[in-house]
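Residue numbers (UniProt numbering): 1 to 275. Note that the Cβ used here is the ideal one computed from N, Cα and C, for glycine as well. Note that the structure is a prediction, hence the values are computed from the model and not measured.
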Amino acid sequence: MGSGESTTRKVSFGVDDEDRVRILRGVKLSEDVLQRMRGVANIAPDRTSSPASSPQTNTASSHSASSGSQSQQGPQQRAQPSSHSSKSASFSKEDQRRYEQQQKLLKEEWAKMAQREMEAAKEEMAKATSRERQQTRLEAERTKQLVQHLQKKDSQLKALDAFYKEQLAQLEKRNLERYQQSKEQFHQAASKTEENVRPRNTEAVCAGLQAQILSCYRDNKDQTLKCSDLAKEYMQCINAAKKVVHHIQRSRTSPHLCYVPPTMAEAKNLLVNHG
1 MGSGESTTRK VSFGVDDEDR VRILRGVKLS EDVLQRMRGV ANIAPDRTSS
51 PASSPQTNTA SSHSASSGSQ SQQGPQQRAQ PSSHSSKSAS FSKEDQRRYE
101 QQQKLLKEEW AKMAQREMEA AKEEMAKATS RERQQTRLEA ERTKQLVQHL
151 QKKDSQLKAL DAFYKEQLAQ LEKRNLERYQ QSKEQFHQAA SKTEENVRPR
201 NTEAVCAGLQ AQILSCYRDN KDQTLKCSDL AKEYMQCINA AKKVVHHIQR
251 SRTSPHLCYV PPTMAEAKNL LVNHG
């Protein structure tokens, strides 16, 4: 590639990860060719790499051809890298423009999406805040209504308590008045009854015979017939006393009868004799 005549040599090369030309076998390339090859290899990233790979492949295939074709087409080889570099430059500019345009569109789309997401988040937050405020307001209203209901119920209970206390006091007062009235009436009736009823002294009828009969029965538990005579006398005494009482009652109910009751001494003697 210098000023001397070119000889037939086979050359193969490749590009490493950092886009640097690596000589595998053959001669070392000139700086001019390396610059051109670097220009072809260093095309825009991602999407611009696919169009740039075709010139690189063409260059690699052209250099991997026989050195005989290079010696026969020396001037054409010098013109060919320049044409490849111009095409690569035009491709890189076009791809760069497309890349920038696509980046711009993507940024705009991302900005729109971010704006929509932000608006949706704000709207959702506003709805949540509104719901929370409404819920808080409803809870406050319910609490207020419950407090009012409890206060009303408490006032009703207090009114009922006062009413029942008043009724109970009135009932106790009435019962006390009735008790005092009944007590006074009872004492008055008892006093009148005591005035009307005169105390009377009563003596047991045939008390002597009654005592003798009891003693006889007590002494003769197995032979009660021994007390039969005393029993007859006791019955006669009782009948005589009944006759005296009957005569007294008849004299009180029929004052026109000329009945002279026995004297006290006669009645006592009668009872003593039968006793």
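Can you check which of these residues, the options, is closest to residue i by C-alpha distance?
i, options, result
"K242", "L225, Q170, L230 and A204", "A204"
"K226", "Q236, N239, C237 and Q212", "Q212"
"Q210", "F186, I238, E195 and K153", "I238"
"C206", "R142, Q151, Q156 and A240", "A240"
"Y234", "H246, L157, Q102 and G208", "G208"
Original post:
In the region 140–219, which residue ranges form an unbroken alpha helix (DSSP H) of at least 4 residues, counting only runs that do not cross its ends?
Top reply: 207–219
**OP:** Decide if the region 215–231 is in contact with the region 186–196; the criterion is three or more beta carbon pairs, one per stretch, under 8 Å apart.
**Re:** no
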